[in-house]
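Okay, so here's the structure we're looking at.
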Amino acid sequence: MKRLPLFFFISGLLAIISYNIGINLILACVVFAIAFCICKGDSYKLIVIYCSIIFIFIFCRMDNISNITSSFDLNKNEVQYQGRVVSFPIYKENKVQFVMEVKGAKKEKVQGFINNNTHLLTYGDMIEFTAQATIPNSRRNPGGFDYRQYLRTKKIYTVMYINNDSLVIQNNSQNIISKNISALRNKLTDFIDVNFTERENQFLRALIIGEKGNDSEVINNFNKLGISHILSVSGLHVGFIYLFATTICRILKLNKKIQIYIIGISLYTYCFIVGFSDSVIRASLMLFLLLLANITNKKYDTLNVLCFLALCFILHNPYVIYSVGFQLSYSAVLSITVFYPYLNNKISFNTKYLEYFKSIILITISVQIGTIPLVIYHFNNISIFSLITNLLIVPAAGFIVIVFLCVFCVSTLLNISLLPFLVPVKLSINFILSVSENLIKIPYSYSILSPMPFYIVSFYYLLVFICFGYLYHYRLRNRKVIIVVTIINISIVIILSIIPKPLTVTYLDVGQGDSALIQFPSGQNMLIDGGGQYNYSVGDEIIINTLVHKNIRKLDLVVCTHSHDDHKLGILEIIGKVKIDSIIINCLEEEGYTDLISLANEFNIPVYKNNQVKVNISKSILLDFVYPNSNTLYIDENNSSVITKMSYNDISFLFMGDLENKGEKNLIENKKDISSVFLKIGHHGSKTSTGKEFLSTVNPVYGIISVGKDNRYNHPNQEVLELLDNKGVNYFRTDQVGAIEINTNGEKVKIKTYTD
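Under the UniProt record's numbering, the first residue of the sequence shown carries the number 1, and numbering increases by one thereafter.
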């Protein structure tokens, strides 16, 4: 019975997993009933009963929350609303974002955005405005960010884009406590703004209050080196605040009761300043309970407290389990709790200083053991310098926080300038930034990895915790269990890795453009077009992320159907960032490819015309560039598009680029077999493409329309959609369903879309 919170937490976790993989609640109840019958002893049966209650409650709560949608009118018209700002607004250039409680059918938290903002918003402001309410975007491409799920972890289901001219700030509704803490936060940010350079300012804001600025290079460097937790307020930062508060209490020689009040107020104030993030609340509660236990001479069980707090968060909002911060925070503390005592007992030194460094090293190693799979799963990289950078930078960050807060408090209370005392802070900040910048330049300082499949992450944790659990509690007496679990895990991974792979075609959602990724069963990879936008890097943000997510390190073939930027720019952006064996262009417009050919030559990538090559994939997969050929007359760029037909036994695909009616007529006259199961509709479904005769010739079962949401060309054309409907073609639009992934073994197909 000593580990009830642990069992309850595991029950809650299993409830969420069961719900998401579609296990029936009745089946789960049957399993608990069998467990109840098998268990011997009243205490064990009581545990099963308690766990089943927790399981059923969270399962039903998950079902209830998953059906929650926005309570606002989600049409495209702007509506007038009233609300209250409930977060500290984040200003970036002319844009501001904040969370607000808005009065609708019910009071609901909403993520608000204002472009070209001219108003100074503060926490607690009552506002009146007109806005368009929308559902947050979900993941639209492989490896993309699921903004909808991210907001769900914060119990937010609506995004509003506020009309700046309509915004009226009525009054501020803060109570006396929040008003004083807000004023303190404002003084803190003003103090940073006045005394530090812009670069130091952005780093310090991120370190102290978790407000990340526009310095994406620093953020990327920290992510790659495995020290991103420095810039994300978490238990580490709460530990710094706790250390600062306890140091002040010891210097002032305060009694234990007053210490509780001082430290409790300090932790609450910090939680308020950083916006009550889950990881900060968790760490603050754990430290406060530890303080209470020490003062009252009660036993403090870290594992029980950790699991109890995690269970409370899950009961409040089961979707919090999908929060990256929640996962990393709890796995880090759990790892320290489980692994550090064992490692610490195995290694000892005679000197005090070596023991101190040993503790830092072992805590860092413990955290790495518990978080590495999650870091790879979510961030797709791992650094060989992670241990070194943490050993260097974490103490430096702690020094910065403590010294800065001391200077700030004294300067604010006495109203005097203590600028010389900030010099060590400035030096430490520049030391951290310099270390990160220099380490990232070292070859192989970090490795980009594909995200671990969920089952491998699960097996990793199961194996590691069982191994350490038995080693720690039972030494080597039960090593047979470890051996059996290890063999089972390795066997499952091997079996899953040797299952024959399908042919996978992914039509990426690149907005108003085209891009399709083909993964052949043999392991070869091909990209047809790369999309492209002038104000957004499709290559970096979509194609590279997709390749990393799918563990693709090389593109054997890249086809650029024609020279328009909405097909070519993305290819230009990935050259030099991913290995490309060869590029194919159409044989009619070489001049339009000058920039592509020049860049390819820089990286020694051969460029061929489509009528110069024949591609052999395998005996069962045929790839043919059916258009244009040497006899084709140039009409324009669109009608010069390379048309590719790919066949895999009974399943075939036709990729049309931007070919229009004139090109379709030429294609039909070539007398080549262009009938296909899947047709990528030409020119984004424009009125000038996909004619009746052409559609009858191809006779597709499915159509794919790659098109941007609310595009200015009004693609796809309504007449084309009606023609597809009349011909019985099932079509998918990337603006509606995001990326479209098709898996086939040459006989059957499985179609997956990335949004609802």
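A virtual CB, placed ideally from N, CA and C, is assigned to each residue, including glycine.
DSSP, reduced to helix, strand and coil, places R712 outside both helices and strands of the structure shown, so it counts as coil. In this structure, G226 and I382 form a Cβ contact; the two beta carbons are roughly 7 Å apart against a cut-off of 8 Å. For the stretch 634–719, the continuous alpha helix (DSSP H) assignments of 4+ residues that do not extend past its boundaries occur at 661–669, 692–698, in sequence order.
Beyond the five residues adjoining it in sequence on each side, Y147 comes within less than 6 Å, by CB distance, of P136, N137 in the same chain, given in chain order. Beyond the five residues adjoining it in sequence on each side, V737 comes within less than 6 Å, by CB distance, of T753, T755 in the same chain, given in chain order.
Counting only unbroken stretches of 4 or more residues, the alpha helix (DSSP H) elements lying wholly within the stretch 119–203 are 147–152, 176–195, in sequence order.
When the Cα atoms are used, L418 and R199 turn out to be separated by approximately 21 Å. Taking C-beta atoms as the reference points, Y460 and P373 count as a pair closer than 9 Å. F240 and H684 have their C-alpha atoms roughly 55 Å apart. In this structure, V435 places its C-beta atom within 9 Å of the C-beta atom of I393. Here H237 is buried. Its C-beta has 16 or more other C-beta atoms within 10 Å. Beta-bridge partners assigned by DSSP to K579: K554.
Within the DSSP bridge table, the entry for C560 names I585 as partners. Looking from the CA of A516, the closest CA among R185, P395, Y300, C560 belongs to C560. In summary, I416 is exposed, with fewer than 16 beta-carbon neighbours lying within 10 Å of its beta-carbon over all protein chains present. Spatial neighbours of K672 in its own chain (CB-CB distance under 6 Å, excluding positions within 5 residues in sequence) are listed in chain order as V626.
Between the stretch 142–156 and the stretch 119–134, the count of Cβ pairs shorter than 8 Å is below three; the stretches do not touch.
Look at L74 here: in three-state DSSP terms it is coil, with no helix or strand label. Residue nearest to K187 within the set L572, H562, S411 is S411 (criterion: CA-CA distance). G576 is classed as exposed because its beta carbon has fewer than 16 other beta carbons within 10 Å across all chains shown.
Counting other Cβ atoms within 10 Å of its Cβ, V729 reaches 16 or more and is therefore classed as buried.
Remark: fewer than three beta-carbon pairs, one from each stretch, lie closer than 8 Å, so the stretch 299–315 and the stretch 263–272 are not flagged as touching.
Residue pairing of V79 in beta bridges, as defined by DSSP: A131. Using a Cβ-Cβ distance cut-off of 8 Å, the stretch 543–562 and the stretch 518–534 are in contact, since at least three pairs of beta carbons, one from each stretch, lie closer than that value. The shortest C-alpha to C-alpha distance from P521 to any of N345, A206, I621, K680 is the one to I621. With the rule of 3 Cβ pairs closer than 8 Å, the stretch 79–87 counts as touching the stretch 124–136.
Taking C-beta atoms under 8 Å as the contact rule, A739 and R140 qualify, at a distance of about 6 Å. Between F694 and L667, the C-beta gap is smaller than 9 Å, which places the two residues in contact. A distance below 9 Å separates the beta carbons of V280 and G235. For a cut-off of 8 Å, the C-beta gap from S630 to E589 is around 14 Å, too long to register as a contact.
For L622, the uninterrupted beta strand (DSSP E) segment begins and ends at 621–627. Excluding the 5 residues flanking it on each side, V324 has same chain C-beta neighbours closer than 7 Å at H378, in chain order. If you check the CB distance, V425 and F404 come in under 9 Å. In this structure S87 is not in contact with M126, their Cβ atoms being roughly 14 Å apart against a cut-off of 8 Å. Listed in chain order, the alpha helix (DSSP H) elements of length 4 or more contained wholly in the stretch 276–349 are 278–296, 302–316, 324–346. In the three-state DSSP reduction, L243 falls in the helix class (H, G or I).
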